[in-house]
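Note sheet for the following structure.
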Amino acid sequence: MNGPDKNIKYPLENYDRLCFLKNVVKNPNISVGDYTYYDDFENVENFEKNVKYLFDFVDDKLIIGKFCMIASDVKFIMNGANHLTDALSTYPFAIFGKGWERAMDGKSYPNKGDINIGNDVWIGYNATIMAGITIGDGAIIATNSTIVKDVEPYSIVGGNPAKEIKKRFDNSTIKKLLEIKWWNWDIEKITKNVQNLTDNNIENLI
């Protein structure tokens, strides 16, 4: 056997609060890698409800890698939430029309880009990820954190705004892990190495 079927919705028998996320999301602007799971206290369909302000006319994307772990109530704040910050008023006059429809002529709302989540990333309960953020491979986001700047690979961050608490490994080990990219191995090789992947001796993977 080579692990669970990546194409099933619920990989745990008789348990529908954890799903392989790519088999649940429907929005084409949300991309999810194989084996990434989402765990929800109520209903896994809540995931897309927690991707806030993802409007078609903005055309930004939420991109999540493989083998990520996303806890309940994690929120992603997309660029549709943005207002003008360098104008005299932040109020969105134009959306209401009735003589205000031209308020944004020649102007545009801020767009910080896509949210990019790497591979093997663990995002704890009720964390919030802001627009334009990149979270590196192997990072851990602590419960209740608010991520307002990029997160380095294999670092642990927490707080509001989140700050780096520590690196998970020394720089040499992180460099090797980023070179190995075990999440891109074929599933047979991953299966052969599951005991090594749950250990801390990288030499067993090389």
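Read in order, the letters of the sequence shown correspond to residues -12 to 193 in our numbering.
Heads up, the beta-carbon is just placed ideally off N, CA and C, and yes, glycines get one too.
Which residue comes first and which comes last in the beta strand (DSSP E) that contains Thr115? As a first step, residue 115 must be located in the sequence shown, where it is residue number 128. That run of the beta strand (DSSP E) goes 115 to 117.
Nearest CA to the CA of Asp47: which residue from Tyr25, Phe54, Ile64? In the sequence shown, counting from the first residue as 1, residue 47 sits at position 60. Residue Ile64 is the option with its Cα nearest to Asp47.
Okay, do the region 169 to 180 and the region 133 to 148 touch, 3+ Cβ pairs below 8 Å being the bar? No: fewer than three Cβ pairs fall under 8 Å.
Out of Tyr22, Asn16, Leu8, point me to the one whose CA is closest to Lys(-7)'s CA. Residue mapping note: residue -7 aligns to position 6 of the sequence shown, counting from 1. Closest option to Lys(-7), Cα to Cα, is Tyr22.
Among all the DSSP beta bridges, which residues are the ones paired with Glu151? Your numbering for residue 151 matches position 164 in the sequence shown. Looking at the DSSP output, Glu151 shares a beta bridge with Val144.
Quick check on this structure: which residue in Ser76, Ala90, Leu75 has the alpha carbon closest to the alpha carbon of Ile82? In the sequence shown, residue 82 corresponds to position 95, counting from 1. If we check each option's Cα against that of Ile82, Ala90 comes out closest.
Where do the N-terminal and C-terminal ends of the alpha helix (DSSP H) with Lys176 fall, by residue? Position 189 of the sequence shown holds residue 176. Under the DSSP assignment, Lys176 falls in the alpha helix (DSSP H) whose first and last residues are 174 to 179.
Entirely within the region 49 to 100 and at least 3 residues each: give me those beta strand (DSSP E) ranges in chain order. Within the region 49 to 100, the complete beta strand (DSSP E) runs of at least 3 residues fall at 49 to 51, 62 to 64.
As a quick exercise: from Thr77, Phe54, Leu49, pick the residue whose alpha carbon is nearest that of Asn66. Translated into the one-based positions of the sequence shown, residue 66 becomes position 79. Nearest C-alpha to Asn66: Leu49.
Taking the CB atoms as reference points, tell me whether Ala149 and Tyr112 lie closer together than 8 Å. Reading the sequence shown from its first residue, position 162 is the one you call residue 149. Reading the sequence shown from its first residue, position 125 is the one you call residue 112. No, the Cβ-Cβ distance between Ala149 and Tyr112 is not below 8 Å.
Here's a check: name, in chain order, each residue in its chain whose Cβ is nearer than 7 Å to the Cβ of Asn191, leaving out the five neighbours to either side. Along the sequence shown, read from residue 1 onward, the residue named residue 191 stands at position 204. Counting only Cβ-Cβ distances below 7 Å, and skipping sequence neighbours, we find Asn183.
Supposed contact pair Asp60 and Asn30 - C-beta distance, whole angstroms, cut 8 Å: The count along the sequence shown starts at 1 and reaches residue 30 at position 43. The count along the sequence shown starts at 1 and reaches residue 60 at position 73. Not a contact, Cβ separation roughly 12 Å.
Output the boundary residues of the beta strand (DSSP E) element that contains Asn103. Counting from one through the sequence shown, the residue named residue 103 turns up at place 116. Counting along the chain, the beta strand (DSSP E) containing Asn103 begins and ends at 102 to 104.
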